[in-house]
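Counting along the sequence shown from 1, when you hit position 1221 you're at 1221 in UniProt numbering, and nothing is skipped either side.
Cβ atoms here follow ideal geometry from the backbone N, Cα and C, with glycine treated the same way.
Data block below; observations after.
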Amino acid sequence: MDENQKQSLLRAIAISSGISLTPGHAQQYQELSASFSALESFKSHPSSIAACISLISSEVHLYDNQNAGGLNCNGINRYVDVTVSTKLYGLSVLQAFLKKGYASLNESDRLSLRNSVLTAARQLVIYSSNRNENDSSDSASQSNLRILSMKLAAFLSDVAIRDFPQRWTNFGNEIFSAVSNGGLWSDDPVSDDTGVRIGLECLKIITEDCTDSDFNARISTTRRNDVLIGLNEISPQILPLLFALLSSQYGIVANANNTLQEMQAYLTNNNRSTDQMTSQEQVLYDAQCTTRDKAAGLCAAILTTCEKFCQSLPLEWMLGTFSSNPDSTNPSPDVENKTDFVSAMLHLLREPSHDINILSISCLRHLACRKLDEHQWIKLLQSLPQAVAEAETAQCQLFPNNLTEQQRRVLQFQYHRKLSKMMAMLVGSHIGFISADKEIVKNQGGTKHQILSSYLSLLSNILSHPSGRICHEQINTWIALLRDPTMSKLLSPYLQTLLNAYMSHLVRLPWNDVEDGTHELTSLIQTSWEEKEEYDSWLMDLRSKCSQLFKYIAQINPKLAAATLHTKLEYLLTHHGNGQPRNLTNGEQLQQWSFACVQFEGFHQPLDNLLQGMPSWSLAEKEDCANSDPGRLEIRASVRSSLNQVANMIISWNPTDVWLKFRRTTLVNALKYYWQYDPTTLLTGVDAMLTYLATSDDHMATRPHSNGKKHSDEIVSLRKRTGACLVSISKKVPHHLVPWLAQLSERVKNLLSSNDLLPMNEMHLYEFLSCVATAVEDPLARSNFVSDVLSNAINVLDSIEVKNAVNSVEGLMATLGISAATNDPSSVTNPLVVKQTTELYVKMFSAFNQLLSVGKRCHEAAKKRPGGGLPPTTATPPTLSTQSNFPDEGPISLSDLAINDPFVPLWPRILPTLLCALDAVLQLWHPNYQAVLLRHNIQRYALAISDEEAYLATKQDSTAGGVYGEGGTAGSIVSGWDRRDVNLAPKWSGWLNELRHTCFQLLGLAAGQRVLFAPELAGIFPRFVSVIVDERHLKSMENRHLTQYLKQFLEILLLSCPATLYQSHLSPILGPLFEHLQYRLQCNWAPIIEPNTLRSSSETTKALTTPACENAAALASNTGEEWFLTYYARCGLFVGDLDAVTGEEVVEKARVELSRALSDCLQAALALKGEWGLVLANQAKEEQAVKKNDPSKLKSGPRTRFNDQEGRRVNADGTPRSENDIAIEARKTLRINSMCRFLLLENEKIAGFLVLTVIQVSF
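Here you go:
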């Protein structure tokens, strides 16, 4: 490259770098474009690499500006320095070449390239050290030099990764020797640290690339190992150099800090501040600050490099003499040559400049995560408390005296947060050392125990920090410690601190006060969380983890847990029981986020979790603990006394504010775990909840924006929560409520007759009574009571209104107001018609739903009875061969089934109406009805999906308000209308979905209760089959209907049918069903699998929308194959006015879910998952125990403190086994074998279509 070419290149570099060649002359776009093009062209020139090597090794580059743009050079500097820009450009070209062409270079070329870069680096170091002090004020020049130094470091590290140590044997000398000896290391880092920073950056990049998993793919394992071995060999040269530099620079920082403190003290003694210094004093003060900052910056750079060492390189690099074992009889001969970086890092915790303390913590945290030796770990535990205490004292001295406590906490927040996390990880990563050392776990007071106790004491003291972020960093470690039962004694002194700290942070912060700046900790909170969404997410995570923490604490020390609950509740009731301080009120009522309401909301979780975690012996009756040791008896007496007072305080608390009533309801719900052992206050609590169900808002009518609503949103929320609370209590302690069943029944009847309850509360009351009834011992009395409870629902089903509605599809359409829209479209928005239609539908649906809810509760309770759900006359020896037929593997009379399940006798009255209802609902989708409905501009919406289904197709959560919130789909199916409006059209889809799903679930319940196989219902079984597998029904159902059919009915039927009845009861159903599924799935997936066929055009897979209804109606009226092909291609979906994108997502979801539902159903039937899969897992577990001759395998599930406390046998998933599980599993094993044979061998039609269907689903 001749001089002219070089000058052209320098000009292009200058222009592209933004260097002004002509003062006052702005660069034009054409100049910039031409310069960039020239530089890019130069990269592909054959001699570009040689030219770049020459460019970066030259000391200076000056562009001759004599004829700049042809202008007169008067007033223009002739030569423009473009040295830095030129070298940066040359390095970028060489960096690209390094990745592609470096491997092809011979040894001499590699050496030449490497030496040129080293020469450039030395030139930079010398230039930086010789710069005039006036030049240092040029921040732009300094920035360019820093960029160049980092680019050189990156290039040298890339070369080292490729050549070190085999080809670049003198890497350590050329980088870390003094400049005077031919290296890069600065002779005087105080005056200039460029060479030092190049070396540190080079080391950091090499270590990062060779150890960090994020970058491992760049370098082969062999090359990484070679580089690391080479680094380890030169570590005696590097580490002392780094340690000495760190020590010297920190000495400068410390001296500067001392000088600054003396200056500040002088000013203070003279009643002056730093703002009142003289100009001479200001110069001296600034000089000290500059000296400190420069030295602190270099310390930070060293620690940043050391942080990479701490992650993956040998521990001895950082531990040095710190790792020497004082008890060792053969100390290492080179201990004196080692450097103790850990002690230096502990000392540097006191220095906040340039975040030196935080970087030191990061280094220690990485070491804490490594696999330390026990003596190294103990020494760290011993050293940290003193270092932290000294650091706190030193940092307090550095802060100005006029800072408040909150301001200091804000300044130290990141330090305290990192410190809390590091200290917690040091313990959490080495729990094995604690559990394996008997001296520690048995609290014997030895040296190790004292060291660990002091450390844990400091760790728990950090929890007193007012920011929840600090506490959150430790929670995983405390959970891990508490999980180990051997550490109970060790952790006992810190449990009270843990409880107080985490209970306080569970209380939600008033974010409005934080945003307004009125909260006393505003600055600290805003430092901890940037916005409310971040805080809410953090709080959810904390509460999730605290649930486990509180249970463990209650398990270890129930006495402390009970006393803490008593103290906290007493304080809350005293200071906030009447709503004090009554802020954020709405009239006379508190709002949800009023201070008092928030306090009680934060107390609910600790109460619930601590009561759940308490061991049974601490709550059991006295006679149950007669053989316990005196210590347990004393604990039990204290726990029961404290909890009795807690229960009485909650029950006797009678707030008047609605939201305080809501919070009281949640506290009452938590008491069910205590009432399980002491039901003294149970009835009073249940009575209070029943009273809340009738709570009304006396001022609702006078409230603004009431919109004629009968109850306010607050009252509705209270009633819903109260109903759920009653159901929850009745599930947990039904046996304690049985003595008052008659009174409770009478009270419920009075509530039901008031006509003021929410429909959901009516359901809650039915569930409540049914759960209590399941605890009645006499089977006949149980059945009679359930029959009496459900008499209203059954009478509704037997009423003329319901009979007319379900006996035909026309009756159903008339009942739902669909037929009336034919002649009077305005009827769907007539308020009177809407009200009457809605009331009639709710009456009919509630009856079905009440039956379903009570039936489920009875079925669940039947499984938990001593017989495990087996008829009592059929106790089977566990040794009976599974190849024989059990006595109960066949039709069982309703009277026998009713012994365990009181709901069973009601089925003869329910089933006929249920089948009629399902038949009418399914007929509505027959092509002949679709042809009529789709043509009508209102009636067509009865066939559409609901707004909720459209929402779930695109979103899976309701954090933004769900369907009716921001971004929801309300009003998208029937444009501008949703279910909340006075319009029947958007209600139809939801109503029909609810009715269909309830019918499927009731049939699934009948199968699960084995009612379908009872002799008394043999006469109705043909009718049942004709409805369930009617060819027209199967062909007309949408994918979403069939998905629920498989989930809610078929899977339960397959698992519940006795093995002897497969041919008689399953064959009539599975044959037609599998045949249809095979055809449907083929049509579903054909447009996706074969998109190029005419039949599979993209139009056929689009969901049917309102504009296309006329064409679809015409096609449906023909009821030919073409209709069903297009119907299945779009999964049968009509999406109304929904947008095209969401409609496509709905179709895709329906297509995938049907295949997934069938797959899940078949897997459950073939014992690949579910309860039958658990049977095979248990058998495998037993075989393993026999093979290993280890009976303990049968008593172990997932390893937690709460499993297997009493050494009982458990299932493979950790759930406890009942006495009859062996007999039940014997029957299930028989069914598994029979089912596999039946599905795949015995029936050719079923097996053929099943195999074809499975192949299609798998494909």
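The three-state secondary structure of Gln589, taken from DSSP, is strand. Judged by their CB atoms, Gln1001 and Gln1048 are nearer to each other than the 7 Å cut-off. Each of Arg1231, Glu1244 and Val1175 was checked against the Cα of Asp1213, and the nearest Cα belongs to Val1175. Around the C-beta of Ile1255, fewer than 16 other C-beta atoms lie within 10 Å, and the residue is accordingly described as exposed.
For Leu499, the CB contacts under 8 Å within the same chain, skipping 5 residues up- and downstream, are Phe550, Ile553, Leu560, Ala561, Thr564 and Pro606 in chain order. The Cβ-Cβ distance between Thr954 and Glu762 does not fall below 7 Å. Under the three-state reduction of DSSP, Ala1212 is assigned to coil, being neither helix nor strand. In the three-state reduction of the DSSP assignment, Ala178 falls in the strand class. Per DSSP, reduced to three states, the secondary structure at Val80 is strand.
Its chain contains Asn257, Gln261 and Pro352 as the residues whose beta carbon lies nearer than 8 Å to that of Leu398, once the 5 sequence neighbours on both sides are disregarded; these appear in chain order.
The three-state reading of DSSP puts Trp185 in strand, counting E and B together. A Cβ-Cβ separation of about 6 Å places Leu671 in contact with Ala647 under the 8 Å criterion.
It is roughly 39 Å from the alpha-carbon of Cys1057 to the alpha-carbon of Lys1102.
In this structure, DSSP gives Asp981 a state outside helix and strand, which the three-state scheme calls coil.
Within the stretch 408 to 477, the complete alpha helix (DSSP H) segments at least 4 residues long are 413 to 428, 431 to 436, 438 to 441, 447 to 462 and 468 to 472, listed from N- to C-terminus. Of the candidates Arg122, Ala1086 and Asn557, Arg122 places its Cα closest to the Cα of Asn181. Three or more beta-carbon pairs drawn from the stretch 661 to 668 and the stretch 588 to 601 are found closer than 8 Å, and the two stretches are therefore classed as touching. Secondary structure at Phe1049: helix, using DSSP grouped into helix, strand and coil. Across the set Gln645, Asn644, Ser642 and Pro615, the C-alpha of Pro615 shows the shortest separation from the C-alpha of Arg632. In the same chain as Ile818, and ignoring 5 residues on each side of it, the C-beta atoms closer than 7 Å to its own belong to Gln939, Ala942 and Trp988, in chain order.
For a cut-off of 8 Å, the C-beta gap from Ser467 to Ser383 is around 26 Å, too long to register as a contact. Judged by DSSP secondary structure, Tyr102 falls outside any alpha helix (DSSP H); it is assigned neither H nor E. Per the coordinates, the alpha-carbon of Tyr929 lies some 53 Å from the alpha-carbon of His736. DSSP, read as helix, strand or coil, puts Val974 in strand.
Non-local beta-carbon contacts of Asn583 in its own chain, meaning distances under 7 Å to residues more than five positions away in sequence, involve Ser594 and Phe595 in chain order. Three or more Cβ pairs closer than 8 Å define a contact, and the stretch 486 to 499 falls short of that threshold against the stretch 529 to 546.
Under the three-state reduction of DSSP, Tyr63 is assigned to strand.
In the DSSP assignment, Leu1104 forms a beta bridge with Phe1134. The beta carbon of Thr722 is closer than 6 Å to those of Thr665, Met689, Tyr692 and Leu693 in its chain, skipping five residues each way along the sequence. For Arg1227, the uninterrupted alpha helix (DSSP H) segment begins and ends at Asp1221 to Arg1237. Contact annotation: Gly971 and Ile1246 have beta-carbon atoms that are not nearer than 7 Å.
Taking 4 residues as the shortest admissible run, the UniProt domain "Exportin-1/Importin-beta-like" (147 to 268) contains the following complete alpha helix (DSSP H) segments, listed from N- to C-terminal end: 171 to 176 and 194 to 211.
About 6 Å separates the CB atoms of Leu995 and Phe845; that is less than 8 Å, so the two are in contact. Contact fails between the stretch 278 to 285 and the stretch 303 to 312, because fewer than three Cβ pairs, one in each stretch, are under 8 Å apart.
Distance from the CA atom of Arg1130 to the CA atom of Leu934, rounded to whole angstroms, is 16 Å. Straight across, the Cα-Cα distance linking Pro927 with Asp657 is about 56 Å.
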